[in-house]
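Asks: In the numbering used here, the protein residues as written are 2 to 115.
#1: Measuring CA to CA, which of 35, 38 and 58 is closest to residue 12?
#2: Looking only at its chain, what residues have a beta carbon closer than 8 Å to the beta carbon of residue 45, apart from the 5 residues adjacent to it on each side?
#3: CB-CB under 7 Å to residue 18, same chain, minus the five flanking residues each way: which ones, in chain order?
#4: Report yes if the CB atom of residue 81 is closer than 8 Å to the CB atom of residue 48, and no otherwise.
#5: Quick one: using the 10 Å Cβ neighbour count with 16 as the cut-off for buried, is residue 89 buried or exposed?
#6: Who are the near neighbours of residue 64 in its chain, counting only those whose CB is closer than 8 Å to its CB and skipping five residues on each side?
#7: Work out the CA separation of residue 30 and residue 7 for me, nearest whole Å.
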C-alpha cells in the first residue's frame with residue numbers, strides 16, 4: 002500500500018494489486034494453494050474490482066497481448082497518465098489535497114452496517 006497513498010492511483014489493465022499472492026491467500030484461507038482462482042476473486046485485486054471500490058482512479062489500457070509485447074507504447078501511456086494527473090493537481094493547495102486524500106481513503110471499499 003505504500004505506493005497507494007497518493008492523490009491519483011492508476012493500474013495497468015492486466016496487473017493486480019494485493020498484499021498477498023492468490024496462492025498464498027488460498028494456502029492460508031483454504032489450506033489449498035490450488036484454489037488460487039477462488040482466492041483471487043475474494044481478494045478483489047484486479048483493476049476493474051479496485052476501480053469499483055474506489056481504490057484506484059484509472060485503468061491504463063495495454064496493447065493487445067499485454068504490455069510486455071510493446072513496452073514503448075506502455076511507457077507513453079503511463080507518461081501521459083502521469084502528466085495528466087499532475088496537471089489536474091498542480092494548482093490545488095496542499096491543505097485541500099490533504100482533505101481530498103482523507104475523504105478518498107474514507108470512501109474506499111464496500112461497507113455493510115450490521
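We put the beta carbon where it would ideally sit given N, CA and C, even for glycine. In this text, all values refer to a predicted model and were calculated from it rather than measured experimentally.
Replies: Concretely, from the data shown:
#1: Here the question's residue 12 lines up with position 11 in the chain shown. Out of 35, 38 and 58, 58 has the C-alpha closest to the C-alpha of residue 12.
#2: In the chain shown, residue 45 corresponds to position 44, counting from 1. Closer than 8 Å at Cβ, skipping near neighbours: 51 and 54.
#3: Here residue 18 is taken as the residue at index 17 of the chain shown, counted from 1. A distance below 7 Å between beta-carbons, with the five flanking residues on each side excluded, links residue 18 to the following residues of its chain, in chain order: 12, 46 and 51.
#4: Position 80 of the chain shown holds residue 81. Position 47 of the chain shown holds residue 48. No. Outside cutoff.
#5: Sequence index remark: in the chain shown, residue 89 carries index 88 (1-based). Residue 89 is exposed by the Cβ-count criterion.
#6: As a first step, residue 64 is located in the chain shown; it is residue number 63 there, counting from the start. Counting only Cβ-Cβ distances below 8 Å, and skipping sequence neighbours, we find 70, 71, 74 and 75.
#7: The residue given as residue 7 occupies position 6 in the chain shown. The residue given as residue 30 occupies position 29 in the chain shown. So the two alpha carbons sit approximately 30 Å from each other.
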